[in-house]
Structures are given as C-alpha cells and as structure tokens.
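Colleague: In this note's numbering, the protein residues as written are 847 to 980.
1. Between the alpha carbons of residue 932 and residue 875, how many angstroms are there, rounded?
2. For my contact list, residue 907 and residue 896 are in at a C-beta cut-off of 8 Å; report their separation, rounded to the angstrom.
3. Use the C-beta contact count for residue 887: other C-beta atoms within 10 angstroms, 16 or more gives buried, fewer gives exposed.
4. If you drop the 5 nearest sequence neighbours on each side, which residues of the same chain put their C-beta closer than 8 Å to that of residue 883?
5. Is the stretch 910–920 in contact with the stretch 960–970, if contact means three or more CB pairs nearer than 8 Å?
6. What residue range is occupied by the uninterrupted alpha helix (DSSP H) comprising residue 927?
7. CB residue 890 to CB residue 927, shorter than 9 Å?
8. Residue 952 to residue 944, Cα distance in whole Å?
9. Would you report the Cα separation of residue 975 and residue 854, rounded to the nearest angstrom?
10. For the beta strand (DSSP E) holding residue 943, just list the boundary residues, first then last.
11. Let's see if you can read the secondary structure: which residues bound the beta strand (DSSP E) around residue 894?
12. Measure the C-alpha to C-alpha separation of residue 941 and residue 852 and round it to an integer number of angstroms.
13. Which residue or residues does DSSP assign as beta-bridge partners of residue 816?
14. Using DSSP bridges, identify the partner residues of residue 959.
Next up, the structure:
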C-alpha cells in the first residue's frame, strides 16, 4: 500500500471514529462524494508531498486537505463546528498507518471557512501536515 493511501485510510478512520465529527456527518467521510450526496459531509481534497532521504531511511512530509461541506443559506456556524471537530480529531493525532508506513507527526497547519459560489453552501478547509516513514 502506498504511503498516500495509508495516510488517507488512517485519516478517514480517525474522522469516522471521532464522536464530535460523527455527531455532525455520521459516516459520510468520503473520497469523492457523488454529486447528490446530502450535506453535511467530509471529502478528501488534494495531497502533496516532499520525499526526504536521510541515511537509509525513506520518509516524506505530506500535506493533505480535508474538505467539509455544509448547506445553510443563512448560517456558517454549522461548517465552523464541523471544521473545529475535524481539527480536534486530527491535530497531533496518533494515526496508525498500514505496514510498512509509520506516522511521526500529524499537525493541523490551516483551517478556514469560506462561502461557496452557490450562495447556500459553506466550505471548510483543513490542511494537515504529516511526516511518514517507510
């Protein structure tokens, strides 16, 4: 299993298993939701990584974006609550990655809430920076 896939599997499991996140979205933590998936839900966004080589060890610093989606024409608060729940679940989380990968750290580096162009959807963005060996 690739390090990117191992990271995504661990993040999805952590979000689905977190009581605060689950209270808002249930199990709707998806890679690519179908267009008619009812909001609120969480989807996986872009990922980038920088490979690092040190002595005999392979490691990477990866940044993964997690997108939160809510729909309420007059209220951003539901999305803010969801973003805060995601941050609580992932900031400095001890995620178990599939062998042969190990996670050294997981830090939230960005959290923001923006309006979607449709005027009724609010989009939350959480970016985590991780260090993975293996």
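Cβ atoms here follow ideal geometry from the backbone N, Cα and C, with glycine treated the same way.
Modeller: In short, the structure shows the following:
1. If you number the chain shown from 1, residue 932 lands on position 86. If you number the chain shown from 1, residue 875 lands on position 29. Computed Cα separation, rounded: 11 Å.
2. Position 61 of the chain shown, counted from the start, is the residue given in the question as residue 907. Position 50 of the chain shown, counted from the start, is the residue given in the question as residue 896. Rounded to the nearest angstrom, the Cβ distance from residue 907 to residue 896 is 5 Å, consistent with a contact under 8 Å.
3. As a first step, residue 887 is located in the chain shown; it is residue number 41 there, counting from the start. That one is buried.
4. Within the chain shown, residue 883 is the residue found at index 37, counting from 1. Excluding positions up to five away in sequence, the list reads 874 and 876.
5. yes
6. Counting from 1 along the chain shown, the entry for residue 927 is found at position 81. Segment 923–936, the alpha helix (DSSP H) holding residue 927.
7. For the purposes of this step, residue 890 is identified with residue 44 of the chain shown, where counting begins at 1. For the purposes of this step, residue 927 is identified with residue 81 of the chain shown, where counting begins at 1. Against a cut-off of 9 Å, the Cβ pair of residue 927 and residue 890 comes out as no contact.
8. The sequence position of residue 952 within the chain shown is 106, counting from 1. The sequence position of residue 944 within the chain shown is 98, counting from 1. Cα to Cα, the separation comes out at about 16 Å.
9. Translated into positions along the chain shown, residue 975 becomes position 129. Translated into positions along the chain shown, residue 854 becomes position 8. Between residue 975 and residue 854, the C-alpha separation is close to 12 Å.
10. Here residue 943 refers to the residue found at position 97 when the chain shown is read from its first residue. No beta strand (DSSP E) contains residue 943, which DSSP labels as neither H nor E.
11. On the chain shown, position 48 is the one that residue 894 refers to. That run of the beta strand (DSSP E) goes 887–900.
12. Working through the chain shown from its first residue, we reach residue 941 at position 95. Working through the chain shown from its first residue, we reach residue 852 at position 6. When rounded, the distance between both Cα atoms is 10 Å.
13. With the chain covering 847 to 980 only, the question about residue 816 has no answer from this structure.
14. Taking the chain shown and counting its residues from 1, one reaches residue 959 at position 113. Its beta-bridge partners are 970.
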